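Here the structure is laid out as structure tokens; the discussion comes afterwards.
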Amino acid sequence: MLRHVKDDLFQIGESVAGRDGWHEAVRVYVLMNDGCPLLFDSGSHIHSGEIMAELKSLLGDTAPGYVFLTHTELPHTGNIKLILDVWPDTKLVVSSAILPHVELPWWVADDQVLYGYAGTEETYGGRRISFLDGILKDQPGTHWMYDGTTGTLFTADAFGYLYPGAADLKFDDELEDGIAGDWLKRYHESAFRFLPMVSGAKVTADIARVFRKRDVRAIAPTHGNAVRHDIAQCIDRFNNAILEICR
Ligand SMILES: [Fe+2]
Ligand SMILES: [Fe+2]
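Each step along the sequence shown adds one to the number in numbering that gives the first Met the number 0, with nothing skipped, and position 197 is 196.
Structure follows, in structure tokens:
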């Protein structure tokens, strides 16, 4: 479902219903970027029809300039083929030169792929995007992106949450009390099974460093809706969830 988050940031994509009515979102984010749209992940292949329809209705005749892939699991890359079929000149931006060779599908041509290295910043269609290593990830090579114009941090699998169906399309400011700590905890303990073996103090210290260095005004997780209102509350609840799950 297409939703406007803030400024020129939009959210599309669907969700899947899991056990006991808990839903998990699989989102794609779009910065319209004045004629050179930037996509963050391509969405799940199981939602191809909806995602392509939403993209076409949002973009109209404008081709996306770049698709930034946080990592190569199917919920994040499943629609690359359909996107490139419609817009063959769109470039992909990945974290490592190894990905096109071992993890991206064979039909992705080498010259379509650009690299965004953690700790660097590049301009795409006039927009500065910086890259950082994914602090919390389920696949090596996962990177996060930051757009200083909107203050959006694209966090891939981290900062997702499981939620009851009624919250499917609600941003944090549209819920009675923001994103519940319990929702964040349910998601992170199932998405990152290694967390009980990890130091929670270390994870939360690393997360704090990420936010200290940047003026984050929106968090854009793939498996949740964008957090656009109370960033501090979300980080606080995230930290509590991590400290409860970790050792
Ligand atoms: Fe993942
Ligand atoms: Fe994921």
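Cβ coordinates follow ideal geometry from the N, Cα and C atoms, glycine included.
Because the structure is a prediction, the values reported are computed rather than measured.
Requested in this report: Could you please go through the chain and list the residues whose beta-carbon is closer than 5 Å to any non-hydrogen atom of ligand 1?
Outcome: 72, 137, 156
Report task. Whole angstroms is fine: what's the gap from residue 31's alpha carbon to residue 4's? Result -> 12 Å
Query raised in the report: Candidates 230, 196, 12: which alpha carbon is nearest residue 214's?
Result: 230
Query raised in the report: When you compare each of 27, 117, 184 to residue 244 by their alpha carbons, which one comes out closest?
Result: 184
Query - Pair within 7 Å by beta-carbon distance, residue 161 and residue 123 - result: no
Report task. Report yes or no: do the segment 73-89 and the segment 163-172 share at least 3 C-beta pairs separated by less than 8 Å? Result -> no
**Report entry** Among 56, 132, 140, the one whose alpha carbon lies nearest that of residue 10
**Finding:** 56
Query raised in the report: With burial defined as no fewer than 16 other Cβ atoms inside 10 Å of the residue's Cβ, what is the status of residue 23: buried or exposed?
Result: buried
Query - Rounded straight-line distance, which links the Cα of residue 217 to that of residue 45 - result: 27 Å
**Report entry** Spatial neighbours of residue 97 in its chain, beta-carbon cut-off 8 Å, leaving aside the 5 residues before and after
**Finding:** 140
Requested in this report: Check whether the Cβ of residue 74 sits closer than 6 Å to any heavy atom of ligand 2, and report yes or no.
Outcome: yes
Query raised in the report: Does the beta carbon of residue 148 fall short of 6 Å from some heavy atom of ligand 2?
Result: no
Query raised in the report: Is residue 236 helix, strand or coil when you go by DSSP?
Result: helix
Requested in this report: Along the alpha helix (DSSP H) that carries residue 209, what are the first and last residues, could you check?
Outcome: 199-211
Query raised in the report: For residue 34, which residues of its own chain have a beta-carbon under 7 Å away from its beta-carbon, when the five flanking residues on both sides are left out?
Result: 61
**Report entry** Continuous beta strand (DSSP E) stretch holding residue 163: start and end
**Finding:** 161-163
Query raised in the report: At which residues does the alpha helix (DSSP H) containing residue 181 begin and terminate?
Result: 180-190
Query raised in the report: So who's on the other strand from residue 170, going by DSSP bridges?
Result: Looking at the DSSP assignment, residue 170 forms no beta bridge with any residue, so it has no partner.
Query raised in the report: Relative to ligand 2, is the shortest distance from any of its heavy atoms to the C-beta of residue 154 smaller than 6 Å?
Result: no
Query raised in the report: How do the segment 86-96 and the segment 106-116 stand: do at least 3 beta-carbon pairs fall below 8 Å, yes or no?
Result: yes
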